[in-house]
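Visitor: Can you keep this structure in mind? I'll have questions shortly.
Protein chains: 6
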Amino acid sequence: MDSTKTERFKRGWEKLKEIDGQAGVNVIESLKDISPDLAKYTIEYPFGDVYSREILDNRTKEIAVVAAMTAMGNARPQLKVHINAALNVGVSEEELSEIMILMSVYAGFPSALNGTSALKEVIMERKKEE
Amino acid sequence: MDSTKTERFKRGWEKLKEIDGQAGVNVIESLKDISPDLAKYTIEYPFGDVYSREILDNRTKEIAVVAAMTAMGNARPQLKVHINAALNVGVSEEELSEIMILMSVYAGFPSALNGTSALKEVIMERKKEE
Amino acid sequence: MDSTKTERFKRGWEKLKEIDGQAGVNVIESLKDISPDLAKYTIEYPFGDVYSREILDNRTKEIAVVAAMTAMGNARPQLKVHINAALNVGVSEEELSEIMILMSVYAGFPSALNGTSALKEVIMERKKEE
Amino acid sequence: MDSTKTERFKRGWEKLKEIDGQAGVNVIESLKDISPDLAKYTIEYPFGDVYSREILDNRTKEIAVVAAMTAMGNARPQLKVHINAALNVGVSEEELSEIMILMSVYAGFPSALNGTSALKEVIMERKKEE
Amino acid sequence: MDSTKTERFKRGWEKLKEIDGQAGVNVIESLKDISPDLAKYTIEYPFGDVYSREILDNRTKEIAVVAAMTAMGNARPQLKVHINAALNVGVSEEELSEIMILMSVYAGFPSALNGTSALKEVIMERKKEE
Amino acid sequence: MDSTKTERFKRGWEKLKEIDGQAGVNVIESLKDISPDLAKYTIEYPFGDVYSREILDNRTKEIAVVAAMTAMGNARPQLKVHINAALNVGVSEEELSEIMILMSVYAGFPSALNGTSALKEVIMERKKEE
């Protein structure tokens, strides 16, 4: 695995910072010692390849991802990163609440309630940081 | 359980026909004998209550639902109904493909491949019906 | 979304207090600011509609729900609310342990172990409150 | 792995035939060539150990298992075996429908709809066999 | 998205043919019209990047993947592709049966039974093709 | 349920101590009051029966189990026990990291990231204990 930074890596790193902000940078940092290659792939494939595509805009991408992770219900830290990202790219708190209500239909009320509680935590954490 | 039709039921039934079209009506028909109350609730809560909300538009709702059901990967018949619904409310085939690519990141390549295969089936079925 | 309280809401609110007790009221309280509509729906559909049905008695309903949430394994806070509810409506600790053993067969030993640990926590919390 | 039949095996085999009937025997038959040891374990642990316990009666066990497998939504053949088993031990069609309605709350409407469709298939298959 | 084939693509395409054989090529073919970009990514990331890594040998990789997909239980077509791949790289039928037995502990007997039935299907399909 | 210890129990208890070490003993201890029968079954079936089989060696078993539990993503305490077990039977930290990278393909990046974070925690806990 060569360590020279590819175009995909550079594009991914910019995209990650644009969308996820500090929360995304922290995820990458936490991987430095334990799995630098997973850090590299996380930058290259999700961000350098997929998020850099332009058919869906950032808002739509984050709405889809927040819906999916709320429905799956087994990755709360990443759900919170993406709720943050959604707020960063202009999805409103009200729209995020709305996605959770929608998920009560497709994944059940426990998923909707846990998604809403993650949303509440993110909003409070953002208020503190202001 | 009284059988008079509530406002929620009427509103839900119109919404279901608007969004899901014949595929949605078929789901309700199939429940007639076995579980008329589940049919009633399916009309009232998902459609009469949730889909009738107006904070997210129909396009955004369907994008969120298709993403969630692709990620969950355990409800192919309903995923196909919602791919159909998404096409009905103006989400393009290309945008749906894009959601599947996005899900490869969050739920893995098998979910993305199965979602794409469901999309392909729906497109072919719609072509036949034309 | 009109704010007048429907029959379903009133019936649901009574049912929620009857079955879930304070734990259920706390869930609704926690939603007040962030998503009052999800609070309303949680009262109306799960409790006003579904829990108010009388074909299965409360004991049977809670046994089914505890089994399902133990098997899914991704909603511990709600599992604990329902273990509490089950104890409230007369399911014994021994019967709840038994459900967890049963789930080792259908969802694997990790689900059974996590369900049993949730049961243990609930029992200890109830002892403290006496 | 010795081939002499243990007490657990004998007890499990009787229990399997009592509860699952021919559908259960067929599952074991299908394993004969490919994995005789999985057949043996399926008889010994789920039936010889767990189903032979007497704290929950057969009806309650099947209600819990049908609820769990409807919620998980990824094992339709086994869900159908257990819907059959539930009918065999005296759970009514109406009660099974009711479990599916209950699961719409905890695992979402797609799980409830797929569970109800499995129930419908089982009822039709049983009618044919009469 | 430029169409010139990258090193990762070429390496991935060779790796995919080496491991998955015709079954893998068929997956890529089926994506040609509907989502050529998902085809490209499937070659580049899973095969060009991940499968080309050399810390785990091919046998170990396939054992891990078959275990994971048996446990998840929601992607039978891909499970069958990987059972095939495992047999291609030298995992024996007996070892694959053994993985299914192991999964009965961690994901429950339904997952183990469905995994074993997928294994049986693959073995029969391979016999036909001989 | 007789309390005399069967051969399976004795063999399972030795196997559990051999593979999981103190972390496994702690799991059994925690079940003592709440569910002694689940403790007994956990020793007898997973360890006395399944882990005592000799077709796959301990290393291979732990690789399969860590992969499966990382993919399922809903049983972090048990995943950590098995990461520990894997290290105990000679799987290296690097190989475990590699399994997490592999899972990014099949279960998505959130599962891979959470698995890697569990690995990091286990490594740090083991360093403290030295």
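Residue numbers (our numbering), protein chains in the order written: chain F, -13 to 116; chain P, -13 to 116; chain E, -13 to 116; chain X, -13 to 116; chain R, -13 to 116; chain S, -13 to 116. Glycine is no exception: its CB is placed at the ideal position from the N, C-alpha and C atoms.
List, in chain order, every chain R residue whose beta-carbon is nearer than 7 Å to that of residue 27/F.
Guide: In the first sequence, the residue the question calls residue 27/F occupies position 41. What residue 27/F touches in chain R: 35.
Visitor: To the nearest angstrom, how far is the alpha carbon of residue 61/S from that of residue -9/E?
Guide: The residue you call residue 61/S lines up with position 75 of the sixth sequence. The residue you call residue -9/E lines up with position 5 of the third sequence. If you take the alpha carbons of residue 61/S and residue -9/E, they lie about 40 Å apart.
Visitor: I'd like to know if the segment 86 to 104 of chain X and the segment -4 to 6 of chain R are in contact, where contact means that at least 3 CB-CB pairs between them fall below 8 Å.
Guide: Cβ pair count under 8 Å is below three, so no.
Visitor: Exposed or buried, residue 108/F, counting other C-beta atoms within 10 Å across all chains shown (16 or more means buried)?
Guide: As a first step, residue 108/F must be located in the first sequence, where it is residue number 122. Under this definition residue 108/F is a buried residue.
Visitor: Please confirm whether residue 60/F has its beta-carbon closer than 7 Å to some beta-carbon of chain S.
Guide: Within the first sequence, residue 60/F is the residue found at index 74, counting from 1. Yes, contact with chain S.
Visitor: Just checking: is the beta-carbon of residue 98/E within a distance shorter than 7 Å of some beta-carbon in chain A?
Guide: Included in the structure are the protein chains F, P, E, X, R and S, with no chain A among them.
Visitor: Can you look up residue 9/F in the DSSP assignment and give me helix, strand or coil?
Guide: Taking the first residue of the first sequence as position 1, residue 9/F is located at position 23. Residue 9/F: helix per DSSP, three-state reduction.
Visitor: Is there at least one Cβ from chain R nearer than 7 Å to residue 104/E's Cβ?
Guide: The count along the third sequence starts at 1 and reaches residue 104/E at position 118. So, not an interface residue.
Visitor: Can you tell me the Cα-Cα spacing of residue -13/F and residue 24/F, whole angstroms?
Guide: One-based indexing of the first sequence puts residue -13/F at position 1. One-based indexing of the first sequence puts residue 24/F at position 38. With a pLDDT of 40 at residue -13/F, under the threshold of 50, the modelled position of that residue is not reliable, and the figure given next carries that caveat. Looking at the two C-alpha atoms, the distance is approximately 12 Å.
Visitor: Assuming residue 42/R contacts residue 84/S (C-beta within less than 8 Å), just tell me the rounded distance between them.
Guide: As a working note, residue 42/R is residue 56 in the fifth sequence. As a working note, residue 84/S is residue 98 in the sixth sequence. Residue 42/R to residue 84/S, Cβ: 5 Å. Contact.
Visitor: According to a CB-to-CB cut-off of less than 7 Å, which residues of the segment 71 to 102 of chain P neighbour chain S?
Guide: Listed in sequence order: 91, 92, 93, 94, 95, 96.
Visitor: Under 7 Å, Cβ to Cβ, is there at least one residue of chain E near residue 42/S?
Guide: Mapped onto the sixth sequence, residue 42/S falls at position 56. By this cut-off, residue 42/S is not an interface position.
Visitor: Using a Cβ cut-off of 7 Å, pull out every chain X residue sitting near residue 57/E, in sequence order please.
Guide: What you label residue 57/E is simply residue 71 of the third sequence in a count that begins at 1. Within chain X, the residues near residue 57/E are 54, 57, 58.
Visitor: Buried or exposed: residue 12/P, going by 16 or more other Cβ atoms within 10 Å of its Cβ?
Guide: In the second sequence, counting from the first residue as 1, residue 12/P sits at position 26. Exposed.
Visitor: Which of the three DSSP states, helix, strand or coil, is assigned to residue 145/F?
Guide: With chain F covering only -13 through 116, there is no way to say anything about residue 145/F.
Visitor: Does residue 32/P come within less than 7 Å of chain X when only Cβ atoms are used?
Guide: Working through the second sequence from its first residue, we reach residue 32/P at position 46. Residue 32/P counts as touching chain X.
Visitor: CA-CA distance, residue 110/E and residue 14/E?
Guide: Against the third sequence, residue 110/E aligns to sequence position 124. Against the third sequence, residue 14/E aligns to sequence position 28. When rounded, the distance between both Cα atoms is 23 Å.
Visitor: One question on the structure: do residue 72/P and residue 6/P come within less than 7 Å of each other, judged by their Cβ atoms?
Guide: Locating residue 72/P in the second sequence gives position 86, counting from the first residue. Locating residue 6/P in the second sequence gives position 20, counting from the first residue. No, the Cβ-Cβ distance between residue 72/P and residue 6/P is not below 7 Å.
Visitor: List in chain order: all unbroken alpha helix (DSSP H) runs of 4+ residues lying wholly within the segment 32 to 88 of chain X.
Guide: 44 to 58, 62 to 74, all fully within the segment 32 to 88 of chain X.
Visitor: Rank -2/S, -4/S, 10/S, -6/S by C-alpha distance to the C-alpha of residue 74/S and give the top, closest one.
Guide: If you number the sixth sequence from 1, residue 74/S lands on position 88. Cα-wise, what sits closest to residue 74/S is 10/S.
Visitor: Can you tell me where the alpha helix (DSSP H) holding residue 97/E begins and where it ends?
Guide: Mapped onto the third sequence, residue 97/E falls at position 111. That run of the alpha helix (DSSP H) goes 95 to 115.
Visitor: Looking at residue 30/X: is its Cβ nearer than 7 Å to the Cβ of residue -2/X?
Guide: Numbered from 1 along the fourth sequence, position 44 holds the residue referred to as residue 30/X. Numbered from 1 along the fourth sequence, position 12 holds the residue referred to as residue -2/X. Their beta carbons are under 7 Å apart, which means residue 30/X touches residue -2/X by this criterion.
Visitor: Ends of the alpha helix (DSSP H) at residue 23/X?
Guide: Residue mapping note: residue 23/X aligns to position 37 of the fourth sequence, counting from 1. 22 to 28 is the extent of the alpha helix (DSSP H) around residue 23/X.
Visitor: Suppose you measure from the CA of residue 63/E to the CA of residue 116/P; what does that come to, to the nearest Å?
Guide: If you number the third sequence from 1, residue 63/E lands on position 77. If you number the second sequence from 1, residue 116/P lands on position 130. Between residue 63/E and residue 116/P, the C-alpha separation is close to 49 Å.
Visitor: Secondary structure at residue 18/F, three-state DSSP: helix, strand or coil?
Guide: Position 32 of the first sequence holds residue 18/F. Residue state, collapsed to three classes: coil.
Visitor: Could you check how far apart the C-beta atoms of residue 53/P and residue 104/F are, in whole angstroms? I think they sit under 8 Å.
Guide: Locating residue 53/P in the second sequence gives position 67, counting from the first residue. Locating residue 104/F in the first sequence gives position 118, counting from the first residue. With a Cβ gap of about 17 Å, residue 53/P and residue 104/F do not count as contacting.
Visitor: Run through DSSP, which three-state label would residue 3/S get?
Guide: As a first step, residue 3/S is located in the sixth sequence; it is residue number 17 there, counting from the start. In this structure, residue 3/S counts as helix in the three-state DSSP scheme.
Visitor: Going by the CB atoms, is the gap between residue 67/S and residue 45/S shorter than 7 Å?
Guide: As a working note, residue 45/S is residue 59 in the sixth sequence. As a working note, residue 67/S is residue 81 in the sixth sequence. Contact flag unset, no.
Visitor: Using 8 Å for Cβ pairs, my map puts residue 21/R next to residue 58/P. What's the rounded Cβ distance?
Guide: Here the question's residue 21/R lines up with position 35 in the fifth sequence. Here the question's residue 58/P lines up with position 72 in the second sequence. Their Cβ separation, rounded to whole angstroms, is 20 Å, which puts residue 21/R and residue 58/P out of contact at 8 Å.
Visitor: Straight-line CA distance for residue -4/R to residue 32/R?
Guide: Working through the fifth sequence from its first residue, we reach residue -4/R at position 10. Working through the fifth sequence from its first residue, we reach residue 32/R at position 46. If I take the Cα positions, the gap works out to 13 Å.
Visitor: Residue 82/E to residue 51/S, Cα distance in whole Å?
Guide: Numbered from its first residue, the third sequence carries residue 82/E at position 96. Numbered from its first residue, the sixth sequence carries residue 51/S at position 65. C-alpha separation (whole angstroms): 27 Å.
Visitor: If residue 17/X sits next to residue 102/R, beta carbons under 8 Å apart, how far is it from one beta carbon to the other, in whole angstroms?
Guide: What you label residue 17/X is simply residue 31 of the fourth sequence in a count that begins at 1. What you label residue 102/R is simply residue 116 of the fifth sequence in a count that begins at 1. Indeed they touch by this definition, with Cβ atoms about 7 Å apart.
Visitor: Would you identify the three-state DSSP class for residue -4/R, choosing helix, strand or coil?
Guide: Against the fifth sequence, residue -4/R aligns to sequence position 10. Note: residue -4/R maps to helix in three-state DSSP.
Visitor: Is it buried or exposed, residue 35/P, if we count other Cβ atoms within 10 angstroms and call 16 or more buried?
Guide: Your numbering for residue 35/P matches position 49 in the second sequence. So residue 35/P counts as buried.
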